[in-house]
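Peer 1: This structure is in structure tokens; I'll ask about it shortly.
Numbering (the working numbering), first residue to last: 176 to 410.
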């Protein structure tokens, strides 16, 4: 990925990410979260890779995280250009060839469909997949998801968590770009102070004041210490 130093490169990275998420060829994405792997997702991914290699089809094969319905793993997303994203449930390695065969014929594999997504709101951006398959339920109509509003986990199961271009495509790093490329340090500190963002360690000291103190300190070397021991699992 190119180094991002201006808005032109940033936009080019976004377009590259969108080309991966909504490509002009079929896309298959296997849920490779812990729950998916525990139910055989790695074998499913390799089965798709082998089937694609044998067929010679032009298909994007990706891995994503868990969409949230761990009880239906392994979950696999499939999409034909211009059509909704379909989430397939309990996909096994021996299903890979027939799913690929259906996609090559412009069809779906109805007995495996869990739900469809026509458009997804990532809060920082949105992705329009397409409309169609009127007889299939939208993800928001599935009883498990009905009434849910995904916020923190809104990207899970839809993008490759290791792919920066895909994250930028859905609006990721916009604030970071603005802070590092467009804004002056003093302006950023003033905005953090105005937001009254505070530390969570108990004293509640204003973050903006901490940053201002560090910025005004005269020194050739400055250090940022990350407190990663608050007792949470995975901190």
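Ideal Cβ positions, reconstructed from N, Cα and C, are used throughout, including at glycine.
To which residues does DSSP link residue 252 through a beta bridge?
Peer 2: Its beta-bridge partners are 204, 262.
Peer 1: With contact counted as at least three CB pairs below 8 Å, one residue from each stretch, are the stretch 305-323 and the stretch 199-219 in contact?
Peer 2: Flag = no, the stretch 305-323 and the stretch 199-219 do not touch.
Peer 1: Note down, in chain order, each residue of its chain lying with its Cβ closer than 8 Å to the Cβ of residue 215, except the 5 sequence neighbours on either side.
Peer 2: Correct list, in chain order: 249, 267, 268.
Peer 1: Assuming residue 287 and residue 264 are in contact, meaning their beta carbons sit under 8 Å apart, how far apart are those beta carbons, in whole angstroms?
Peer 2: Correct: roughly 6 Å between the Cβ atoms.
Peer 1: What are the partner residues of residue 353, as DSSP defines its beta bridges?
Peer 2: Answer is none; residue 353 lacks a bridge partner.
Peer 1: Tell me whether residue 312 sits in a helix, a strand or coil according to DSSP, three-state version.
Peer 2: In the structure shown, residue 312 sits in coil (DSSP, three-state: anything other than H, G, I, E or B).
Peer 1: Under the rule that 16 or more other beta-carbon atoms within 10 Å means buried, what is residue 400, buried or exposed?
Peer 2: It is exposed - the Cβ of residue 400 has fewer than 16 other Cβ atoms within 10 Å.
Peer 1: For residue 384, which residues of its own chain have a beta-carbon under 8 Å away from its beta-carbon, when the five flanking residues on both sides are left out?
Peer 2: For residue 384, where only same-chain residues beyond five positions count, the Cβ hits under 8 Å are 368.
Peer 1: Using a threshold of 8 Å, state whether the C-beta atoms of residue 390 and residue 192 are closer than that.
Peer 2: The answer is no: Cβ separation not under 8 Å.
Peer 1: Where residue 259 and residue 356 are concerned, what is the direct C-alpha to C-alpha distance, given to the nearest angstrom?
Peer 2: About 36 Å.
Peer 1: Within 10 angstroms of its Cβ, does residue 200 collect 16 or more other Cβ (buried), or is it exposed?
Peer 2: Counting Cβ neighbours within 10 Å, residue 200 comes out exposed, since fewer than 16 surround it.
Peer 1: Kindly list the residues whose CB is nearer than 7 Å to the CB of residue 297, restricted to its own chain and excluding five residues on each side of it in sequence; keep chain order.
Peer 2: Correct list, in chain order: 329, 330, 345, 346.
Peer 1: Note the first and the last residue of the continuous alpha helix (DSSP H) segment covering residue 210.
Peer 2: Start and end: 209-213.
Peer 1: Kindly indicate which three-state DSSP category residue 394 falls into: helix, strand or coil?
Peer 2: Three-state DSSP puts residue 394 in coil, outside helix and strand.
Peer 1: With DSSP collapsed to three states, give me the class of residue 238.
Peer 2: Residue state, collapsed to three classes: strand.
Peer 1: By how many angstroms is the C-alpha of residue 387 removed from the C-alpha of residue 381?
Peer 2: Near 10 Å, if we compare the C-alpha coordinates of residue 387 and residue 381.
Peer 1: Out of 290, 256, 325, 188, state which residue places its alpha-carbon closest to the alpha-carbon of residue 433.
Peer 2: No information on residue 433 is available, as it lies outside the stretch 176 to 410 that the chain covers here.
Peer 1: Just tell me which of 285, 320, 327 has its CA closest to the CA of residue 310.
Peer 2: Comparing Cα-Cα distances from residue 310 to each of 285, 320, 327, the minimum goes to 285.
Peer 1: Assign residue 252 to buried or exposed, taking buried as 16 or more other Cβ atoms, counted over all protein chains shown, within 10 Å of its Cβ.
Peer 2: Flag for residue 252 reads buried.
Peer 1: Can you tell me which of the three DSSP states residue 410 falls into?
Peer 2: With a pLDDT of 47 at residue 410, under the threshold of 50, the predicted position of this residue should be treated as unreliable, though the coordinate-derived value follows. Note: residue 410 maps to coil in three-state DSSP.
Peer 1: Please name the residue, chosen from 197, 204, 321, that lies closest to residue 239 on a Cα-to-Cα basis.
Peer 2: Considering only alpha carbons, the answer is 204.
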